[in-house]
Amino acid sequence: MSTDQHRDLPLFRWTPPACVVIPFPTVKRIGKIRRTVEVLSGRNGKSADQYWHQIISGMRSQMIAAGLPDDVIEAELRSFADAVFVTMNRGCQRPGGDAA
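Heads up: the sequence shown begins at 1 in UniProt numbering, then just goes up one per residue.
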């Protein structure tokens, strides 16, 4: 077999699938979720809005700096928001149960 025939083998045409590694998924950041719920529970109106925007803006900046794609960043921020709001709606119970 010639060198050109070796390069045409399927193994040499294979490329690994693309993937995005999320080192710290926001929904798993239980401490940050708890702290955000704690602070938001003590605020209302403009003060709560300002704090929320500060948290989301900071998290977005960190993910941009880490090189995550925009669609992944938005999905992660939605997951974090969902976790915060679910926790607040449970009466400020800890995410994952009281034993967590």
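Note that beta-carbon positions come from the ideal geometry of N, C-alpha and C, so glycine has one too.
1. Whole beta strand (DSSP E) runs in the region 27 to 98 with 3 or more residues, listed along the chain?
2. Is E74 buried or exposed, if buried means 16 or more other CB atoms sit within 10 Å of its CB?
3. Taking only three categories from DSSP, how would you classify T15?
4. May I have the straight-line CA-CA distance separating P53 from P10, to the nearest angstrom?
5. E76 and M88 look like a contact to me (Cβ under 8 Å); what is the Cβ gap, rounded to whole Å?
6. Reducing DSSP to helix, strand and coil, say where P25 ends up.
7. Could you check the C-alpha separation between P16 and D71 for me, to the nearest Å?
8. Would you report the Cα separation of Q50 and P69, rounded to the nearest angstrom?
9. CB-CB under 7 Å to R43, same chain, minus the five flanking residues each way: which ones, in chain order?
Reading off the structure:
1. None, since the region 27 to 98 contains no complete beta strand (DSSP E) of that length.
2. Burial call: exposed.
3. Of the three classes helix, strand and coil, the one that applies to T15 here is coil, per DSSP.
4. Residue 53 is actually His in this sequence, not Pro. Approximately 50 Å, taken between the alpha carbons.
5. M88 and E76 do not touch by the CB rule: their CB atoms are close to 19 Å apart, not below 8 Å.
6. Under the three-state reduction of DSSP output, P25 falls in the coil class, being neither helix nor strand.
7. Computed Cα separation, rounded: 21 Å.
8. Linking Q50 to P69 through their CA atoms gives a straight-line distance of about 25 Å.
9. Excluding positions up to five away in sequence, the list reads Y51.
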